[in-house]
Amino acid sequence: MLASKVLRRNSQNVKNLYNSKCNSKLNNWQKQLQILNFINSKRYYSNDSPVNEKDTIVRLLYNIGSKMEVQQYLRHFSSVESQKFAVIKVGGAVLSEDLDNLASSLTFLNRVGLYPIVLHGAGPQLNELLEQSNIEPNYIDGIRVTDSKTLEIARKLFLQENLKLVEALERSGTRARPIPGGVFIADYLNREKYGYVGQITDVRKNVVEASVKAGALPILTSLAETPSGQILNVNADVAAGELARVLEPLKIIYLSEKGGLLHGETNQKIDLINLDEEYENYMAQPWVKFGTRLKLKEIKELLDCLPRTSSVAITATDKLHKELFTASGAGTLIRRGYRLFKFDSVNELDKKKLQKLASQVQLESPLPNNQIDLNSYIQELSKRSHTIYSDEPYEVLAIISPENDNNQVPFLEKFILTKNSVLNNVIDNIWTMIRKDYPKLTWIVDDHDEIKSWYFEKSDGSYTKNGKTLFWYGIENIDDVSNVISEFVNIQSIPLSQQQQQHSSNNSTTTTTSSFPSLFQKNQKNGNAFTNSNRLYSTLSPTKVALIGARGYTGQNLISLIDKHPHISLSHVSSRELEGQKLEGYNKRDIKYVNLKLDQVKEMQKNNDIDCWVMALPNGICSPFVQAVNEGQKEQSKGNKSVIVDLSADYRFTDEWTYGLPELYGRSAIKESSKISNPGCYATGSQLAISPLVPYIKETPTIFGVSGYSGAGTKPSPKNDPNFLKDNLIPYTLTDHIHEKEISYRLGRNVNFIPHVAPWFQGISLTINIPLSKSFKSSEIRELYEQKYVNEKLIKVTGEIPLVKDISEKHFVKIGGFGVHSSGKSVVIIATIDNLLKGAATQALQNMNLALGYEEYEGISLE
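According to this note's numbering, the sequence shown is numbered sequentially starting from 2.
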């Protein structure tokens with residue numbers, strides 16, 4: 002069976018399947034583009050919810066690339082000021098032959114919150130009009146000589162073409178502003194030689210910025226004017242370059258009917274040019290001449306003046322989205338890039354750059370599993386053979402243990418990268434080097450790795466177990482593949498904490514009897530080699546959990562989550578009222594409710610029967626059960642301390658228990674703790690929504706909280722009576738609510754909290770007014786939140802207002818709104834959270850996973 006599985010995943014099949022999916026995605030995209038065109042043709046402006054419309058369009062973008070790619074590039078493009086996203090130069094042929102596609106493409110970008118700055122030419126149209134007027138076009142050194150009659154025709158034509166594009170955008174429901182002049186200031190290039198041709202001396206970017214600020218796409222022509230007001234003609238490519246020099250956009254895009262630069266000998270489209278490495282080679286090619294040579298030279302001069310993150314893309318109009326939102330692109334991408342290096346010893350590395358890379362990765366990926374104890378790792382690495390690949394600034398670092406007596410197949414033990422390296426495709430260049438040197442390779446990736454889809458694309462086969470995926474390429478012998486998988490399965494059958502124990506005991510040696518055990522322990526982007534757990538469970542059987550207080554909504558949701566968890570099982574479910582009844586919603590085995598007494602709890606702990614106790618009891622009831630567990634541990638003759646996770650508020654105000662909000666207070670303390678206090682639902686959402694602004698709070702924030710009636714528990718009261726709640730909203734505990742105290746205690750700042758109960762069942766909406774000590778723009782505050790939570794899988798930051806109906810039955814918190822007062826001195830943040838999941842059960846499972854040595858999100862859906 003193993004052989005047949007591997008055969009089905011051979012290299013050719015994988016490539017065929019991938020190509021088939023790509024073609025299918027493009028076909029779907031084209032159909033949906035037609036649908037959007039039809040919708041846009043029926044209206045000027047939509048009355049539909051902009052939130053829903055944006056979400057719909059983002060989902061349409063998933064048809065041209067993976068969800069991860071689209072979201073990653075969208076975050077990247079949205080991270081800068083609106084006018085710094087892209088300058089798009091549109092050729093005259095595109096305006097005359099592909100106007101509808103152009104309008105639709107620009108509309109899609111605008112609907113997802115992006116504001117490209119569009120500059121167009123009209124060369125072919127001008128030639129046609131000059132011919133009709135019996136004026137023969139005249140060029141010197143490739144520059145159009147412009148006399149007064151030519152300028153008169155050009156000015157009229159540019160205005161006409163400018164309005165044509167603006168009107169097409171307006172018909173698509175996109176606001177656009179015609180800017181046919183007033184942006185470029187110029188002097189005569191050489192009046193005697195070229196006539197009315199300008200050389201740009203200044204760019205009035207405030208004209209462009211005003212359009213973007215007003216919510217309209219700026220549509221520019223390349224006409225310039227002298228300080229005294231004389232109109233001058235400027236080449237559109239040159240004008241686009243000058244505009245880019247001033248605005249410093251992430252992307253400069255040239256839309257061309259050819260769809261990219263074509264290789265002069267093969268006539269194939271060139272996908273990528275890294276100027277730092279390839280410019281001299283291209284310029285030496287005999288086919289690089291005339292327009293191609295001039296374009297490459299101008300692009301290099303332009304990019305040399307811009308930040309290294311900027312790039313130029315030449316693509317077709319209908320491929321614009323694929324170029325922007327996928328790693329593979331669609332046209333020709335030109336960037337400065339970096340030179341790539343290969344080292345055979347860690348001593349050859351630049352230690353300062355290495356330390357900077359480690360710091361950057363830790364900043365971008367604050368999860369403990371992504372942290373690197375650099376000194377320890379480098380010291381260990383210097384004792385054995387390895388090959389290291391890197392780019393010039395160390396934005397990517399690949400470390401490979403080569404094939405030897407212990408390693409039957411070379412193993413990629415670390416692949417460290419920054420966001421820039423992914424967005425700028427540096428990882429593809431490094432991978433190309435690796436493939437040349439290593440015809441076969443294996444590596445292991447965590448299931449939640451953000452570029453996992455990229456690894457699938459680069460592999461010939463894969464095998465997944467326990468939240469890890471083994472990848473390989475170049476292994477053609479079926480027995481070799483089988484051996485590699487067997488070694489991987491053996492390692493993955495051991496709990497993470499036990500793997501760490503083995504690493505602790507073997508850390509001083511580099512020899513091993515098989516290829517994977519030692520390598521896997523060292524490859525802790527794929528399982529943290531430098532974090533040791535104090536609870537080293539010796540059994541391969543599932544972790545046993547006892548749930549006390551299972552009758553409530555939170556207990557029911559936690560049971561459902563544990564039912565789907567691959568490594569955790571319920572052993573006891575205690576409820577006084579349901580004693581003797583069958584536990585519904587749990588499918589791993591039949592369980593009946595019991596009513597555990599304190600002496601039974603003590604005895605079970607003494608006998609090491611339970612790995613984790615979950616206390617899902619009302620406030621003020623938990624303490625005797627905790628005491629019983631403590632007494633049982635004192636009499637325990639062997640085994641490890643059990644973990645206790647308390648869902649009540651009883652231990653949230655003591656330093657003896659670890660407060661379990663990993664996104665704010667770190668994972669390491671939870672991993673080392675045996676007593677974890679689960680935060681409250683309102684408190685979780687409020688802290689996450691306020692925390693990034695704590696250094697800038699001037700006065701006391703006010704939290705207006707509204708929860709579904711499941712938050713009022715199962716004991717009958719007006720607050721959970723649907724009939725009483727119909728068309729109603731009930732405020733309660735107007736001051737000194739327990740969550741007000743919890744939020745204030747944890748943030749170190751007092752807050753005002755006003756809770757309400759609403760007619761829906763589950764889900765919380767928080768509207769938070771925060772007075773600020775300094776002025777902010779909405780985009781600046783959003784950026785603070787995006788940076789704070791950039792790698793948090795259960796926190797989503799959006800520019801829109803989050804809605805309760807979108808968060809109900811979801812495991813994440815959504816934060817948005819970011820409404821800043823006109824003074825800039827206060828902001829309203831909106832947060833939504835499901836009170837039964839991330840506000841309770843999901844958070845409890847997060848803490849259990851961390852404390853028990855499993856992957857943090859095991860058993861939690863990230864969709």
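For glycine and all other residues, C-beta sits at the position ideal for the given N, C-alpha and C. No experiment lies behind these values; they were computed from the predicted model shown.
In the structure shown, Cys682 falls within a helical segment according to DSSP collapsed to helix, strand and coil. The three-state secondary structure of Ile479, taken from DSSP, is helix. In the DSSP assignment, Ala155 falls within the unbroken alpha helix (DSSP H) covering 149 to 172.
The Cβ atoms of Ser576 and Asn596 sit closer than 8 Å to each other.
Under the DSSP assignment, Thr465 falls in the beta strand (DSSP E) whose first and last residues are 462 to 466.
When the five nearest sequence neighbours on each side are left out, the beta carbons in the same chain lying within less than 8 Å of the beta carbon of Ser776 are those of Ser824, Gly825, Lys826, in order along the chain. With a contact defined as Cβ atoms closer than 8 Å, Ile731 and Gly840 miss out at about 19 Å.
The alpha-carbon separation between Arg309 and Val239 amounts to approximately 20 Å. Taking C-beta atoms as the reference points, Ala547 and Ile592 fail to come closer than 8 Å. By the neighbour-count criterion, in which 16 or more other beta carbons inside 10 Å mark a residue as buried, Glu349 falls on the exposed side. Counting along the chain, Val821 sits inside the beta strand (DSSP E) bounded by residues 814 to 821. Apart from sequence neighbours up to five positions away, the residues of its chain that approach Pro125 with a beta-carbon distance below 6 Å are Gly93, Ala94, ordered along the chain. Straight-line spacing of the CA atoms in His757 and Tyr660 works out to 25 Å. Segment contact: the segment 673 to 684 against the segment 650 to 665, three or more CB-CB distances shorter than 8 Å; contact assigned.
Short of 6 Å from the beta carbon of Ser774, and not among the five residues preceding or following it, lie these beta carbons of its own chain, in chain order: Tyr697, Lys699. Within a 10 Å sphere around the beta-carbon of Thr318 sit 16 or more other beta-carbons, which makes this residue buried. In its chain, beyond the 5 residues on either side, Ala551, Gly586 have a beta carbon closer than 8 Å to the beta carbon of Gln557. Distance from the CA atom of Asn268 to the CA atom of Glu810, rounded to whole angstroms, is 53 Å.
Shown here, Asp591 sits in coil according to DSSP, grouped into three states, outside any helix or strand. Under DSSP, Ser827 shares a beta bridge with Pro772. When secondary structure is reduced to three states using DSSP, Val791 falls in the coil class, being assigned neither helix nor strand. In the DSSP assignment, no residue is bridged to Gln286. When the alpha-carbon of Val427 is set against those of Gly338, Tyr390, Trp473, the nearest one is in Gly338.
For Asp737, there is no enclosing alpha helix (DSSP H), as DSSP gives it neither H nor E. Comparing alpha carbon positions, the residue from Trp455, Ser487, Gly714 closest to Ser649 is Gly714.
Linking Ser386 to Glu864 through their CA atoms gives a straight-line distance of about 41 Å.
Apart from the 5 residues on each side of it in sequence, Val490 sits with its Cβ closer than 7 Å to the Cβ of Lys466 in its chain, given in chain order.
About 7 Å separates the beta carbon of Asp807 from that of Lys815, a gap short enough to meet the 8 Å contact definition.
By the 16-neighbour rule on beta-carbons within 10 angstroms, Glu856 is buried. One thing to note: Lys150 has its Cβ within 8 Å of the Cβ of Ile136.
Rounded to whole angstroms, the gap between the alpha carbons of Leu471 and Lys441 is 14 Å. For Thr222, the enclosing beta strand (DSSP E) starts and ends at 218 to 222. Judged by DSSP in its simplified three-state form, Asp564 adopts helix. Taking 8 Å as the cut-off, the Cβ atoms of Ile400 and Pro411 do not count as close. Bridge partners of Leu571 according to DSSP: Val546. By the Cβ neighbour-count rule, Asn275 is buried, with 16 or more other Cβ atoms within 10 Å of its own.
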